[in-house]
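First to last, the protein sequences are chains A and B. Count along the first sequence from 1, then add 940; that gives the number in our numbering. Count along the second sequence from 1, then add 940; that gives the number in our numbering. Beta carbons are placed, not taken as given, at the ideal position from N, Cα and C, and that holds for glycine. The structure displayed is predicted, hence computed values, not measured ones. In what follows, a structure is listed as structure tokens, so that the remarks can point back to it.
Number of protein chains: 2
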Amino acid sequence: MASVTRQLRDFMGERASDARGIVEQHGRSEAYHAAAAPDLVVFPESTQEVARIVALCGAAGLPMVAFGAGTALEGQTAAVAGGVCLDMSRMDRLVEVNAADMDCRIQPGIRRKALNAQLRDTGLFFPNDPGADASLGGMASTRASGTLAVRYGTMKDNVIALEVVTPDARVIRTASRARKTSAGYDLTRLFVGAEGTLGIITELTLKLYPVPEAISSAVCAFETLEGAVDSVIATIQAGVPIARIELLDEVMMRGVNRHAGLTYAEAPTLFYEFHGTDAGVAEQAALAQAVAREHGGQDFAWAIRPEDRSRLWLARDNTLYAAQALRPGARGFVTDVCVPISRLAECVVETKRDILATGLVAPIVGHVGDGNFHCNIMIDPDDAAELARAKAFHARLVRRAMAMGGTCTGEHGIGLGKMDFLREELGEAVDVMRLIKRALDPQGLMNPGKIFAAAAPEGTP
Amino acid sequence: MASVTRQLRDFMGERASDARGIVEQHGRSEAYHAAAAPDLVVFPESTQEVARIVALCGAAGLPMVAFGAGTALEGQTAAVAGGVCLDMSRMDRLVEVNAADMDCRIQPGIRRKALNAQLRDTGLFFPNDPGADASLGGMASTRASGTLAVRYGTMKDNVIALEVVTPDARVIRTASRARKTSAGYDLTRLFVGAEGTLGIITELTLKLYPVPEAISSAVCAFETLEGAVDSVIATIQAGVPIARIELLDEVMMRGVNRHAGLTYAEAPTLFYEFHGTDAGVAEQAALAQAVAREHGGQDFAWAIRPEDRSRLWLARDNTLYAAQALRPGARGFVTDVCVPISRLAECVVETKRDILATGLVAPIVGHVGDGNFHCNIMIDPDDAAELARAKAFHARLVRRAMAMGGTCTGEHGIGLGKMDFLREELGEAVDVMRLIKRALDPQGLMNPGKIFAAAAPEGTP
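Structure below.
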């Protein structure tokens, strides 16, 4: 370690640090998992530097963890085996916009708000919005999605190509800039969602979309949770190309009101957004309203002006903090399941019953158009019994979702928290994943201990 | 070989055959590549049978090639190393439709027309349409797309999960039925497009879409090829959610007229289709027409009634045969490049010039909304000099596309024909693909000689 540290310091200078404040900050995240600090943090500024760092760490057998904005929710950036953290925040350039092709090349450290701010004059935008102001490299690595995925897809759909430094320090490009390709294995989709365990993303080519001619947002409170969820299902099945359709239960609405000083009805509520032409948006909205009314929805409260829409979606985006308003001082244990939409009402209602029976503070928020929802369990981090109750509830929730044909994670990834559930969900497919991990990273140095338990290096018994 | 053949015959009975007619039929395809017959063809009827066949072949070190409908265009089903062909045509059931979730489970041997016929009463359809009546297992394996991809995505986007028999004869399921997931590596997308080199697909879970309330199709002739292509670009950039937008050059239109006895103008022509509500379709059509007019388009000839639409799209779908009408007795050498749409006009026009200079008969047809186009070079299969000229033209075309930021294959795959171009396009990324191939198929028995030159088995020098 010492000699590698010296080598890294030699060529990174002040951009390598083992100062306590720095390493501790890079071991923390927004997850409930215990922090785990790296031994050293480096701040590369180019692909070449990343390749050189990877080569040095590889030669010394040192673990490597890439760090974007630290907003991962399953402990993906915790350096559980120590080693070197590559903080990608200085690689944050929008390299190129091809407006005619509606794509752009970016460095992985750029965050989604900065990206969209820089795109503003092009008439284009990048749609994936996980709430937090995450880095795009991190969003790709966890296969993030968020509120607009029901219309625009997830990171899997919106990454065209990647540049990656592989564990053997090669720089590869996974695909051309063409919109579709059948050229060999889909390495792009392999690295998207690999949580940094197969290499370090150093550049992304992203799909962009035209800023819609018309956007309108609305909020609608429902008499019952079932009514709200059934209304989502009926809206999707009617083929309405809705841009966002988000569910907040009455507990979360209380948190939103407290956090932001708002006065929404504290009832199960849907947040809607429609994108299209003026006529298209009007048509979609009329259809969605009719469906809502049939399911016990109140009148739509509209937000048409950009500033009103921003306020509305800020309330939704801040649910992580809004949940905290329900129990100041508590820490969020955020769950993330996704089920086929036909089972969504059942899954949410059973989960709600489970929360009440367990006595946890766990508001629900969901990207329900995709069948994806979260309970933000607010726990006292110093109360081991409560953490145990939350974990038991979490296990029931995940198994409930899997029993309904769903997945243990819709968009947060496996990280530290869901390895056992991954195995329960996919069985021997996990062995195939592990074969790939071993083939690409035989020393097991890339973000070890994530997705799978840290692998013994090749050749060891 | 003899002992495995005996074992396979023992348990497959009459569903194993080495009759000359059968093996030869399974060595041929619609590609220009030389046929290569397997030693034996088996017709499995269940996943368990496939697993047993894979286990037996694996133990004996025998190559395995899965065969769907034989419509691949890069020789993907040619048994270049002999061995056993698994004809999947008896595994052709629609297993389950979940109408509420808009998904279905199918066996790999079902063909797209049969699938859509069986879905008719559900109000749902599967959109990927490569022209040929391909099997869905084959379409997944080549990452096929076709005419509706500009609106509905490719097989990469529309396969939710796969059941696969891996080279070590394990049966794995790559994902749950949830619409999105971050559960580990994206094995679904790894097997989609792997051309049968990593395992044999035995079941697919597919996304379905509501049959649109309104559909209308139109044909529009243009003064120039540039005008037609620029019109596509402008339509896409205007955000029109067009369902299909296909280009046929004047040579292909002549073939279409001859093949189907039609009287279209023999000029560069766009075929359009709009899906949506009545109002939405009208709005899209008006926009597309206005754009076309600005680029030298004539009036739209509309096809609104289902039978008229079918006739129109049959003309388009049959371009493989229509091209043959231009040169009876010739064989098609079908090319397949895809470029960023901003370079499409330039690429098509330069290619057109190249065709004229080379004196080949090579009508152009393209899924131009994606930047993807094909030249169907009609060659005399017995004329070696002509084949050489076609290959030289093909190499120029591929390199032209790659130089413009495009790919050597938009939807046909690498197969036998494009290994060298794959390396030119993606460089060392191909080594990463090969690491994966070796990890999953260390003996190199799964469709050897496709995507990569046949690998020496592990451990051999």
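Item, Value
"CB contact flag (Ile1354 (chain A), Lys1390 (chain A), <8 Å)", "yes"
"Close Cβ partners of Pro973 (chain A) (< 8 Å) along its chain, the five nearest in sequence each way excluded", "For the sequence presented, residue 973 (chain A) should be read as His rather than Pro. Excluding sequence neighbours, His973 (chain A) sits near Glu1014, Gly1015, Ala1018, Gly1355, Leu1356, Gly1357."
"Cβ shell of Tyr1125 (chain B) (< 7 Å), same chain only, five flanking positions each side left out", "none"
"Start-to-end residues for the alpha helix (DSSP H) that takes in Gly906 (chain B)", "There is no way to answer for residue 906 (chain B), as the model of chain B reaches only from 941 to 1401."
"Residue from B:Arg1378, B:Arg1110, B:Ala1205 whose Cα sits closest to the Cα of Ala995 (chain B)", "B:Arg1110"
"Residues near Asn1098 (chain B) by beta carbon distance below 8 Å, same chain, minus five either side", "Phe1066, Pro1067, Asn1068, Tyr1092, Leu1146, Lys1147"
"Sub-8 Å separation of Asn1387 (chain A) and Glu989 (chain A) beta-carbons", "no"
"Collapsed DSSP secondary structure at Thr1203 (chain A) in the structure displayed", "coil"
"Whole alpha helix (DSSP H) elements within the stretch 1300-1353 of chain B, 4-residue minimum", "1324-1343"
"Contacts that Cys1287 (chain A) makes with chain B (C-beta to C-beta distance below 9 Å)", "Within chain B, no residue comes near Cys1287 (chain A); the closest Cβ sits about 11 Å away, beyond 9 Å."
"Own chain, CB closer than 7 Å to Val944 (chain B), minus 5 neighbours either side, in chain order", "Leu996, Cys997, Ala1000, Leu1002"
"C-beta contact flag for Val981 (chain A) and Ile993 (chain A) at 8 Å", "no"
"Inside the stretch 943-1011 of chain A only - beta strand (DSSP E) runs reaching at least 3 residues", "980-982, 1004-1007"
"Coarse secondary structure for Val1035 (chain A), derived from DSSP in three states", "strand"
"Rounded separation between Ala1262 (chain A) and Ser1156 (chain A) - CA only", "24 Å"
"Interface flag, Arg1340 (chain A) vs chain B, CB-CB below 8 Å", "no"
"Collapsed DSSP secondary structure at Lys1147 (chain A) in the structure displayed", "strand"
"Assumed close pair Val1037 (chain B), Leu1059 (chain B) - CB separation to whole angstroms, cut-off 8 Å", "7 Å"
"Beta carbon of Leu1254 (chain B) nearer than 8 Å to that of Val1169 (chain B)", "no"
"Classification of Lys1120 (chain A) by the beta-carbon crowding that lies within 10 angstroms, buried from 16 upward", "buried"
"Spatially closest choice to Ala977 (chain B) from B:Ala971, B:Thr987, B:Ser986, B:Gln965, by CA coordinates", "B:Gln965"
"Pair within 8 Å by beta-carbon distance, Cys1160 (chain A) and Gly1237 (chain A)", "yes"
"Paired residues, beta bridge with Tyr1092 (chain B) - DSSP", "None, per the DSSP bridge assignment."
"Contact with chain A by Tyr972 (chain B), beta-carbon distance below 8 Å", "no"
"Whole-angstrom distance between Leu1076 (chain B) and Val1172 (chain B), CA atom to CA atom", "29 Å"
"According to DSSP, residues forming a beta bridge with Ala1158 (chain B)", "B:Tyr1212, B:Trp1242"
"CB contact below 8 Å: Val1305 (chain B) versus chain A", "no"
"Chain B contact for Gln1177 (chain A) (CB, 8 Å cutoff)", "yes"
"Validate contact between the stretch 1305-1314 of chain A and the stretch 1183-1192 of chain A using beta carbons, cut 8 Å, 3 pairs", "yes"
"Alpha carbon of Arg1363 (chain B) to alpha carbon of Ile1100 (chain B), nearest angstrom", "29 Å"
"Span of the beta strand (DSSP E) around Glu1223 (chain B)", "Premise fails: Glu1223 (chain B) lies in the alpha helix (DSSP H), 1218-1234, not in any beta strand (DSSP E)."
"CB of Ile1281 (chain A) within 8 Å of CB of Asp1041 (chain B), strictly", "yes"
"Contacts around Gly1399 (chain A), its chain only, beta-carbon distance under 6 Å, and the 5 residues preceding and following it disregarded", "In this prediction, Gly1399 (chain A) scores a pLDDT of 47, lower than 50, which makes its location untrustworthy; no coordinate-derived value is stated."
"Chain E within 8 Å of Lys1096 (chain A), Cβ atoms only", "Checking the listed chains, one finds no chain E in this structure; the protein chains it contains are A and B."
"Sub-8 Å separation of Ala1228 (chain A) and Tyr1212 (chain A) beta-carbons", "yes"
"Limits of the beta strand (DSSP E) - the one that Glu1103 (chain A) falls within", "1099-1105"
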